[in-house]
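Undergrad:
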Amino acid sequence: MCCNIDNSDGCVQYKGQMFSTRIDVFDEDIKLSLDDSQPIYYESELCQSNQGYYYHKSEMDPKENPQHLLNSKSLGTFLVFSVYILFSVLYNVFFHPLSKFPGPLWARITRIPYWIANMKGEQVFFMHRLHEEYGPVVRYSPNELSYTDAQAWRDICGYTKGRSENLKAVEFHNQPSNGTPYILTVNTADHARIRRLFSPVFSERYLKQHEPCFRKYVDLLMTRLHETEGRPVDMTEKFNLTTFDIISDFIFGEPLGLLESNKYSSWLKITFDSVRFLPFVQVIEYYPWLSKAFKLVEPRHVKAMKASHFRYSADKVDQRLKREPDQPDLWSFVMSAAPGNGLALNEMHVNAEFLIMAGAETTGTLLSGVLYLLLQNPTKLERLNNEVREQAAAVGKLSLENLAGLKYLNACIQEALRLYPPVPVGIPRVVSPDNGGQIICGKWVPSGTRVCVHHYATYWSSMNFRNPDHFSPERWLGENDTYRDDRRDTFQPFSFGPRNCVGQNMAWHEMRLVLGSLVSTFDIELCEESRRWLDQKVYALWEKRPLLVRLTPMAG
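In case it helps, numbering that gives the first Met the number 0 puts the sequence shown at residues 0 to 555.
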C-alpha cells in the first residue's frame, strides 16, 4: 500500500486552521486522520486540491449527519408554513366570499382580537364599538358576520318553509356530563319534540294555576328584607336566592332552601364561580382538535366537580319521579306523553340542569339590573312607585294578572332588558350547507358562514334607538314623538323563531311580581358603594357585583 500526501495546495478551513490534503494514490483500506477531520475516501469521493475535490466530515452523506437533515426539514417546514400563511392572508383579505363585507382589516386575517376581548370580559363592548364604526353588519373574523338589523333575526333564526334550520355554532354543542344533547343543542326534530312537552307548563293558564308557588317565595323574600332593619342588603344575592328557589319548586316540586338559609348553597356558588371560565370553554370547543386534546389532559378534580354539579340536579329529578305531585307539573306532562314522544331519563336529567340555570340566573340578573337603573333615575322610580302602589291600594293584593296590566312597570322591565340584557352576547348560527347559502339582510352569505345578532350591540346601537344609553321606559309607551323612530323590532331579548325562550312567559310574571312587591313594600336607597354597579365584565353572562341598598318599610 502506498499513499502520496501533498499538503501544499488547496485549502479547507476547519476550526480556524488552514490545511489541504491531496491524495495521488488511493487504497480503500487506508484511513487518514487530521485534527478532527476523519474522512474515508471512496472512488466517488476523491479528495482534490485545485484540480480535485475535497470532502470534509461536516459535508458527509446526510445519512451520516442527522443534524444536517433535521435543519433542512425544519427550514422546509417553515417555508411551507410561511407560504400557507401568506396565501391564507391574501385569500381572506381579497378573495374570500366575505371580503366585500365591512369590518377592520385584522378581522379579515384572524379571530385573535375577538378572542382577547372575550377573555378579558369585554366582548360585548368590543362588538358595540365595531358596529358603531362599520354599521349594521360587521365582519369580525375571517368567517363570521355580526348583525344589528331586525331583518337579521328573521333571516338567521326564523323559520322558512323548505329551508333547513341554521344550527348553533360548534362551541355551543358541548354536552353535559352524561353526553346527552339538551333543548338548546338538539337537532331540529328533537327540539320540536322536547318543546311540545315543555310548552304546556309555561303557558299562561298553567302559570296562573301555579301562582301560589310564586307568591310563597316572594312573600318569604319580603320577610327576609324586613329583617335587614335598614342595614345595607345585597339585592343581587337576594334576587338570586328567590329565583332559584322558585324555579326549583317549579321543576322539582321542592325548593333549594336558599331563602330559608338566607345564603347561597355550595352548588350555587360553583355555578356562579364557573361563569368566568365560559370564554375559555368556548375557545376550546371552537377548535375540535383542541377540544379533543383538552379532554385527554383535563384535570381529574375538574371532571369530578362537573360530574358532581350535574349529579345534583339529576338526583333531584330522580327524587321527583318517585313521588306523585299535588298538582300536575313538568314531569307529569313528560311522563304522560305517548311512547316515542316523551323523554328518556338521561334527557330529563340534562334538561333539568339547563332549565334551572336558564330559568333562574337570567331572571335574577334582570331584576338586579332594573332595580339599579331605577335607583339611578329617581323620577322614573317615583313614577313606578305611584303606579304600583295605587294598584295595590285598589285591589288589596298584587297578582300576576293585575300586575300584567301595569304599563309603566312593563316599560321599565323592557327598558332594562334593552340596556342590560341578561344574555348580552350573540349566539352564532352556521348557515346551513343544505341551503347552499342564504340571503341575509339582502346580501348573499355562503353556507358554513357563522352569523349572529349580538344583543348588547343591537340594543345600544344609535342606528336602532334614540339616546341608546339613556334609561327611558317612555320609549315603549308611545307617549310622545321623541322615540317614534326607534326600531323596536330589533329588540328580541328572548331570541327569535322556533328556538326562542320557552320560559319567557314565566320570566315576565316572575319579574313583575318580584319588582312590584318590592316597590310596593319598601322605599329603596342605593348605597354609595354600588354607584358604579353597572361597570361589569361579561363572560357570556354578566359578572354581577353586589347591589347594596337600604330599605325602609312603607308605613302600614
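Note that beta-carbon positions come from the ideal geometry of N, C-alpha and C, so glycine has one too.
Please state the DSSP three-state secondary structure of S140.
TA: Taking the sequence shown and counting its residues from 1, the one referred to as residue 140 is at position 141. It is a strand residue.
Undergrad: With distances taken from CA atoms, which of Y216, T489 and P231 is nearest C440?
TA: Counting from 1 along the sequence shown, the entry for residue 440 is found at position 441. Comparing Cα positions, the closest option is T489.
Undergrad: S519 to L512, Cα distance in whole Å?
TA: One-based indexing of the sequence shown puts residue 519 at position 520. One-based indexing of the sequence shown puts residue 512 at position 513. Whole-angstrom Cα-Cα distance: 10 Å.
Undergrad: Unbroken beta strand (DSSP E) runs of length 3 or more, entirely within the segment 138–215: which are they?
TA: Taking only runs of at least 3 residues, the beta strand (DSSP E) segments lying wholly in the segment 138–215 are 143–146.
Undergrad: Could you tell me if Q437 is buried or exposed, where buried requires 16 or more neighbouring beta carbons within 10 angstroms of its beta carbon?
TA: Locating residue 437 in the sequence shown gives position 438, counting from the first residue. Burial call: buried.
Undergrad: Where does C526 fall in DSSP's three states?
TA: What you label residue 526 is simply residue 527 of the sequence shown in a count that begins at 1. Note: C526 maps to coil in three-state DSSP.
Undergrad: Using DSSP with H/G/I as helix, E/B as strand and the rest coil, what is F495?
TA: The residue labelled residue 495 in the question sits at position 496 within the sequence shown. It is coil, neither helix nor strand.
Undergrad: Helix, strand or coil for Q437, going by three-state DSSP, please let me know.
TA: Here residue 437 refers to the residue found at position 438 of the sequence shown. Three-state DSSP puts Q437 in a strand.
Undergrad: For my contact list, A415 and L365 are in at a C-beta cut-off of 8 Å; report their separation, rounded to the angstrom.
TA: In the sequence shown, residue 415 corresponds to position 416, counting from 1. In the sequence shown, residue 365 corresponds to position 366, counting from 1. That pair is a contact at about 6 Å.
Undergrad: With 16 other CB atoms within 10 Å as the buried threshold, where does T559 fall?
TA: Because the chain spans 0 through 555 in this model, residue 559 falls outside it and cannot be assessed.
Undergrad: Along the chain, where does the beta strand (DSSP E) that runs through P571 open and close?
TA: Because residue 571 is not part of the residues shown, which for the chain are 0 to 555, the question remains open.
Undergrad: Quick one: residues in its chain with C-beta nearer than 6 Å to the C-beta of E143, no 5 flanking neighbours on either side, listed in chain order?
TA: Here the question's residue 143 lines up with position 144 in the sequence shown. Only R449 meet the Cβ criterion.
Undergrad: Count the other C-beta atoms from every protein chain shown that fall within 10 angstroms of the C-beta of Y216, then say buried if there are 16 or more, exposed otherwise.
TA: Looking up residue 216 in the sequence shown gives position 217. Label assigned to Y216: buried.
Undergrad: Quick check: the Cα distance between T20 and S71, rounded to an integer number of angstroms?
TA: Within the sequence shown, residue 20 is the residue found at index 21, counting from 1. Within the sequence shown, residue 71 is the residue found at index 72, counting from 1. With a pLDDT of only 43 at T20, under 50, the local geometry of the prediction cannot be trusted, and the value read off the model is given with reservation. Using only the alpha carbons, I get a separation of about 29 Å.
Undergrad: What's the gap between the Cα of A506 and the Cα of E236?
TA: Taking the sequence shown and counting its residues from 1, one reaches residue 506 at position 507. Taking the sequence shown and counting its residues from 1, one reaches residue 236 at position 237. Approximately 18 Å, taken between the alpha carbons.
Undergrad: Leaving aside the five residues before and after Y407 along the sequence, list all residues of the same chain whose C-beta is less than 8 Å from its C-beta, in chain order.
TA: Start at 1 with the first residue of the sequence shown, and residue 407 comes out as number 408. Once the five neighbours on either side are set aside, the close Cβ partners of Y407 are R382, L383, E386, P472 and L476.
Undergrad: Under 9 Å, Cβ to Cβ, is there at least one residue of chain C near P432?
TA: Considering every chain present, this structure includes no chain C. It has just one protein chain.
Undergrad: Mapping the DSSP letters down to three states, classify V333 as helix, strand or coil.
TA: Reading the sequence shown from its first residue, position 334 is the one you call residue 333. Reduced to three states, the DSSP call for V333 is helix.
Undergrad: Using a Cβ-Cβ cutoff of less than 6 Å, which residues in the same chain neighbour P545 once the five nearest sequence positions on both sides are dropped?
TA: Counting from 1 along the sequence shown, the entry for residue 545 is found at position 546. Closer than 6 Å at the Cβ level, and outside the excluded window around P545, lie D233 and T235.
Undergrad: Can you tell me whether F100 is helix, strand or coil according to DSSP?
TA: By 1-based counting over the sequence shown, the position of residue 100 is 101. Of the three classes helix, strand and coil, the one that applies to F100 here is coil, per DSSP.
Undergrad: Identify whether C556 lies in helix, strand or coil by the three-state DSSP scheme.
TA: Residue 556 lies beyond the range of the chain shown here (0 to 555); nothing can be said about it.
Undergrad: How close, in whole Å, do the beta carbons of M356 and T270 come, if the pair is a contact with beta carbons under 8 Å?
TA: For the purposes of this step, residue 356 is identified with residue 357 of the sequence shown, where counting begins at 1. For the purposes of this step, residue 270 is identified with residue 271 of the sequence shown, where counting begins at 1. Confirmed, about 7 Å.
Undergrad: Any idea if D484 is buried or exposed, counting beta-carbon neighbours within 10 angstroms, 16 or more meaning buried?
TA: The residue given as residue 484 occupies position 485 in the sequence shown. Exposed.
Undergrad: So what's L540 in DSSP terms, helix, strand or just coil?
TA: Numbered from 1 along the sequence shown, position 541 holds the residue referred to as residue 540. L540 falls in the strand class under three-state DSSP.
Undergrad: Would you mind stating whether N117 and F309 have Cβ atoms separated by less than 9 Å?
TA: Here residue 117 refers to the residue found at position 118 of the sequence shown. Here residue 309 refers to the residue found at position 310 of the sequence shown. Going by C-beta atoms, N117 is not nearer than 9 Å to F309.
Undergrad: Report the start-end ranges of each alpha helix (DSSP H) in the segment 394–458 that is 4 residues or longer and not cut off at the edges.
TA: Qualifying alpha helix (DSSP H) stretches, in chain order: 399–403, 406–418 and 454–458.
Undergrad: With a threshold of 8 Å, are at least 3 pairs of Cβ atoms found where one atom belongs to the segment 158–169 and the other to the segment 418–434?
TA: Judged by Cβ distances under 8 Å, the segment 158–169 makes contact with the segment 418–434, as three or more pairs qualify.
Undergrad: Apart from the five residues just before and just after P96, which ones in its own chain have a Cβ nearer than 7 Å to its Cβ?
TA: Taking the sequence shown and counting its residues from 1, the one referred to as residue 96 is at position 97. Within the same chain, P96 has close Cβ partners P445.
Undergrad: Residues in the same chain with beta-carbon distance under 6 Å from N463, minus the five sequence neighbours each way, listed in chain order, please.
TA: Locating residue 463 in the sequence shown gives position 464, where the first residue counts as 1. Cβ within range, chain order: R486 and T489.
Undergrad: Starting from F353, follow its DSSP beta bridges and name the residues at the other end.
TA: Walking along the sequence shown from the start, residue 353 turns up at place 354. Answer by DSSP bridge pairing: none, since F353 is not bridged.
Undergrad: Distance check for E527 and E259, CA to CA, integer angstroms please.
TA: Mapped onto the sequence shown, residue 259 falls at position 260. Mapped onto the sequence shown, residue 527 falls at position 528. Distance between the alpha carbons of E259 and E527: 29 Å.
Undergrad: Does E259 come out as helix, strand or coil in the three-state DSSP assignment?
TA: Counting from one through the sequence shown, the residue named residue 259 turns up at place 260. Three-state result, E259: helix.
Undergrad: Can you give me the C-alpha to C-alpha distance between D154 and S290, rounded to a whole angstrom?
TA: The sequence position of residue 154 within the sequence shown is 155, counting from 1. The sequence position of residue 290 within the sequence shown is 291, counting from 1. Their backbone Cα atoms lie some 30 Å apart in a straight line.
Undergrad: Ordered along the chain, which non-local residues of its own chain (more than five positions away) have a Cβ less than 8 Å from that of L397?
TA: Here residue 397 corresponds to residue number 398 of the sequence shown, with the count starting at 1. Closer than 8 Å at Cβ, skipping near neighbours: V387, Q390, A391, L512, G515, S516 and S519.
Undergrad: Who are the Cβ neighbours of W532 in its own chain at under 6 Å, not counting the five residues just before and after it?
TA: Counting from 1 along the sequence shown, the entry for residue 532 is found at position 533. Within the same chain, W532 has close Cβ partners Y371, R544 and L546.
Undergrad: Apart from the five residues on each side of it in sequence, which residues of its chain come closer than 8 Å, Cβ to Cβ, to S461?
TA: Looking up residue 461 in the sequence shown gives position 462. Closer than 8 Å at Cβ, skipping near neighbours: E131 and P467.
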